[in-house]
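Data first, discussion second: the structure below is written as C-alpha cells.
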Amino acid sequence: MALVSYGTQFLRGHAELEDWYRHGIFFGARLQFRTPDGNALLADDFTWWLGILRRCGALRLSLHLPAEFSLDTERTILGGGYAVAVHFADRHEIWIVGRERAAWHAHPLLPDDGRHPAFPNAAHWGGELDNYWRVAERPGALEVPDTDWKQLAAAISADLDIRVPSSLVPAGPLFLPGGEPASWEKLPLFARSAAAAPAHHLLATLYAEQARLANEMNPKNENSAYQHMDEAGAVALENWGRRLDSWIIEAELRCANECRSSAILARGAPPTRLHRPVQVPPPERPPAGDAGGAESAAPAAGSGGIGTWRDRLAFAVALAAGCLFVVACAHVIVRFPWLAILVGAPYALYVHYKKRD
Numbered sequence: 011m012a013l014v015s016y017g018t019q020f021l022r023g024h025a026e027l028e029d030w031y032r033h034g035i036f037f038g039a040r041l042q043f044r045t046p047d048g049n050a051l052l053a054d055d056f057t058w059w060l061g062i063l064r065r066c067g068a069l070r071l072s073l074h075l076p077a078e079f080s081l082d083t084e085r086t087i088l089g090g091g092y093a094v095a096v097h098f099a100d101r102h103e104i105w106i107v108g109r110e111r112a113a114w115h116a117h118p119l120l121p122d123d124g125r126h127p128a129f130p131n132a133a134h135w136g137g138e139l140d141n142y143w144r145v146a147e148r149p150g151a152l153e154v155p156d157t158d159w160k161q162l163a164a165a166i167s168a169d170l171d172i173r174v175p176s177s178l179v180p181a182g183p184l185f186l187p188g189g190e191p192a193s194w195e196k197l198p199l200f201a202r203s204a205a206a207a208p209a210h211h212l213l214a215t216l217y218a219e220q221a222r223l224a225n226e227m228n229p230k231n232e233n234s235a236y237q238h239m240d241e242a243g244a245v246a247l248e249n250w251g252r253r254l255d256s257w258i259i260e261a262e263l264r265c266a267n268e269c270r271s272s273a274i275l276a277r278g279a280p281p282t283r284l285h286r287p288v289q290v291p292p293p294e295r296p297p298a299g300d301a302g303g304a305e306s307a308a309p310a311a312g313s314g315g316i317g318t319w320r321d322r323l324a325f326a327v328a329l330a331a332g333c334l335f336v337v338a339c340a341h342v343i344v345r346f347p348w349l350a351i352l353v354g355a356p357y358a359l360y361v362h363y364k365k366r367d
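Under our numbering, think of the first position of the sequence shown as 11, with each following residue one higher.
In C-alpha cells, the structure reads:
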C-alpha cells in the first residue's frame, strides 16, 4: 500500500523521495525488482525503481489482485497475492509481488527424515526480502475507477451491521500500531489528502473491528461469547470475520489507489466489489421434534455477534433497572446493613456458576 500510494505521489511530482523514503514501513525489508528473463535484477532498491520509472514517463502506480489480469505464471503462484500496475500514457506494466523458491530444496542429496529440517534455518534471523517481477506489458491505458467513500462505507455498514466509520476510532491519518517511531519515520500508512481523509477513517475502523474480533476468538479469552457458542453460532461469527477480512482487502486496494487531489466526486453507481469472501455453509439444523433441537446461539444475520444495537439497548435497560433498584434499596440497607447479603448473594452465585460453565 505505502509503495503504491507514495510512489504515485512521487511519479506525479506531488512529493519527492526525500519526503517519504524513510517511512518506517520500509525498515527491515529489502525490495528487489526483477524480470523473469534470466531472473535479472533490474533495481535493488525501491527508490531506484521509482526514479527510473519517472524518467521513463510513468504516470502512476495502482494496486490490484492478480486475478484481475488473468495471469498464469509460476511467479503468481509464489506471489503474495497482489499485483502492482505501472501506468504509462500508452501502455501499462504488471509487476507481481512474489518470492523466490530455492531449487536446492529438492536436491537429491538433501537429507530429510520427514520430521525435522535438514539444517538450521538462519533465514529467519535476516531481514525480509520482497521481490517484484515484471511479468507482463500490455498496450493501452488501464482504468482505475475512483472510490466514493460514503457509498463504500454504507455498503460495509449494511453487510457487517456495524457503524462505518466509527466515532470510537480517531478520524485522523492512519498510522500502524507499534512503538513510538522517530519523527522522521512517522508517516501515515498511505498518503494523506483531502480525498483520502475518509479512506483513513474507514480503514482504521475496519482494523479496529478486526482486532476486536481477534480478541473475541482468542482461545485464551475463556469468557468471550464465542467460546460458549454452539456450532451454528460459531460458524456465523467466523463467516462474519471472513466478510470483514474481505472488506479490509477491498479497502486496502482502494486506499492504495486513492490519488485524487480533490474530494469532489460525482455520485454514481454503487462500487463494484474487488474481492469477495468464501463463506462456510451453516451446519444443518436437526428436525424440530428431535431432542437437543434447542435454539441456536448464532448471532443475527450480518451482526457477527458483536455489539448489535439490540444487545446494547438491552444492556442499557438492565443497567438502568439495576441502578434504580440500588437507589430504592439504599435507605433500607443503611438501616439494616445485613440486607446487602440478599442483594449481593444472587450476583455472586451467578458469577460463580458462569465461570464454571
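Think of the CB as a built atom: it goes at the ideal place given N, C-alpha and C, for glycine as much as any other residue.
Since the model is a prediction, treat every value here as computed from it, not as a measurement.
Could you check the C-alpha separation between residue i and residue j for me, to the nearest Å?
i	j	result
E305	L254	Because the pLDDT of E305 is 41, which lies under 50, any placement of that residue in the model is unreliable, and the number read from its coordinates should be weighed accordingly. Each residue's alpha carbon lies about 26 Å from the other.
A221	G251	11 Å
H210	F56	24 Å
A164	N249	20 Å
L63	I35	21 Å
P155	C66	24 Å
E260	L199	16 Å
E153	W143	21 Å
V327	L334	11 Å
A12	A235	36 Å
I39	A266	Position check: residue 39 holds Ala in this sequence, whereas Ile was assumed. So the alpha carbons of these two residues sit roughly 19 Å apart.
D29	G61	14 Å
Y31	D122	43 Å
P130	G23	47 Å
L71	L170	31 Å
I172	T157	20 Å
S15	P229	37 Å
G354	N231	26 Å
L197	L27	13 Å
A168	E294	26 Å
M227	Q237	7 Å
P292	A246	7 Å
Looking at the unbroken beta strand (DSSP E) that takes in residue i, where does it start and where does it end?
i	result
F43	A39 to T45
N231	Premise fails: N231 is in no beta strand (DSSP E) and is neither H nor E.
A53	A50 to A53
H74	R70 to H74
Quick check on residue i: does DSSP put it in helix, strand or coil?
i	result
L81	coil
S15	helix
N225	helix
L27	helix
R65	helix
P281	coil
E195	coil
F346	coil
L178	coil
E219	helix
P130	coil
P356	helix
I316	Unreliable placement is indicated for I316, whose pLDDT of 48 sits below 50; the coordinate value is still reported in the next sentence. If DSSP states are grouped into helix, strand and coil, I316 belongs with coil.
F335	helix
A206	coil
L213	helix
L120	coil
L152	coil
The alpha helix (DSSP H) with residue i in it runs from where to where?
i	result
E248	E241 to N267
G3	Residue 3 is absent from the model: the chain starts at 11 and stops at 367.
H97	Segment A93 to H97 is the beta strand (DSSP E) holding H97; no alpha helix (DSSP H) there.
Q161	W159 to L170
For residue i, list the residues DSSP reports as bridge partners.
i	result
A146	I104
D140	L41
Q | the stretch 111-120 in contact with the stretch 69-79 per 3-pair CB rule at 8 Å | A | no
Q: Would you check if there are 3 or more beta carbon pairs closer than 8 Å linking the stretch 176-187 to the stretch 201-216?
A: In short, these stretches touch, since the Cβ pair count reaches three.
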